[in-house]
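S.K.: Numbering (my numbering), first residue to last: 760 to 788.
Positions of the beta carbon are idealized from the N, C-alpha and C atoms, including for glycine.
Quick caveat, the model's predicted, so the values are computed rather than measured.
The structure's right below; bear with me while I get my questions together.
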């Protein structure tokens, strides 16, 4: 849950949705 909250915070900061951020993270792996 904490990781999810952190993701949401980063997503808001970068003005993208958490799902887009997840996709970016997956792409970098």
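Would you give the residue range spanned by the alpha helix (DSSP H) that residue 760 belongs to?
M.R.: It is not in any alpha helix (DSSP H) - residue 760 carries neither H nor E in the DSSP assignment.
S.K.: Quick one: does residue 774 have its CB under 8 Å from some CB of chain C?
M.R.: Note that chain C does not occur in the displayed structure, where there is just one protein chain.
S.K.: Could you give the first and the last residue of the continuous alpha helix (DSSP H) run that contains residue 775?
M.R.: Taken as a continuous stretch (DSSP letters only), residue 775 belongs to no alpha helix (DSSP H), as it is neither H nor E.
S.K.: Would you kindly work out how many angstroms separate the C-alpha atoms of residue 773 and residue 763, rounded to a whole number?
M.R.: Computed Cα separation, rounded: 15 Å.
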